[in-house]
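Student: I'd like to ask some things about the structure below.
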Amino acid sequence: MKEALLEPLLRTMRLNKVLPTIKEFDNPRVLDIGCGWEAKLLKEISPYIAQGVGIDFKAPNIQTDKIRTFSYYFEPKWDSVNLHQSKNLHATQASVFNGGGGYAKCKSAL
């Protein structure tokens with residue numbers, strides 16, 4: 186599957202935003218919802234994380250020592266979601282968890 190034209194630039198912007206937070210933790214775990222076809226962001230941050238999980242409707246099955254992806258389509262629970270809500274849902278893509286499995290910090294991906 187071919188990557189969207191602006192995706193490399195957007196991924197670099199996301200990486201620049203989340204990497205400083207990831208580096209603040211020992212053995213962080215990252216959940217990337219909407220990881221994309223090849224989970225490229227997870228692959229780029231893999232040297233800095235203990236574990237990463239990616240979920241996307243178009244994700245292939247990737248399993249490495251640090252990264253796992255799952256193909257899943259989230260069914261909408263509402264008849265409609267306004268544009269403001271959907272933009273916020275998309276913007277927060279990476280959540281960082283501490284080594285004990287608890288929620289530590291989350292920054293907007295864009």
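Quick note, in our numbering, the sequence shown goes up one by one and the last residue is 295. Yeah, the Cβ is synthetic: ideal placement off N, Cα and C, and Gly gets one too.
#1: With distances taken Cα to Cα, identify the nearest neighbour of K225 among L195, Y257, Y258 and K262.
#2: By DSSP's criteria, T254 is part of a beta bridge. Which residues make up the other side?
#3: Among the residues of its own chain, which have a CB less than 7 Å from the CB of C220, if the five just before and after it don't count?
#4: To the nearest angstrom, how far is the alpha carbon of P261 from that of A189?
#5: Could you tell me the alpha carbon to alpha carbon distance between R214 and T249, rounded to whole angstroms?
#6: As a quick exercise: from E209, Y258 and I247, pick the residue whose alpha carbon is nearest that of E223.
#7: Alpha helix (DSSP H) containing T249: first to last residue?
#8: Only counting the same chain, and skipping five residues up and downstream in sequence, which positions put a Cβ closer than 8 Å to that of A235?
Tutor: Once the coordinates are examined:
#1: L195
#2: G239
#3: L226, L227, G239, I240, D241, A244 and T254
#4: 24 Å
#5: 14 Å
#6: I247
#7: Unbroken run through T249: none, as it is neither H nor E.
#8: N212, P213, R214, K251 and G284
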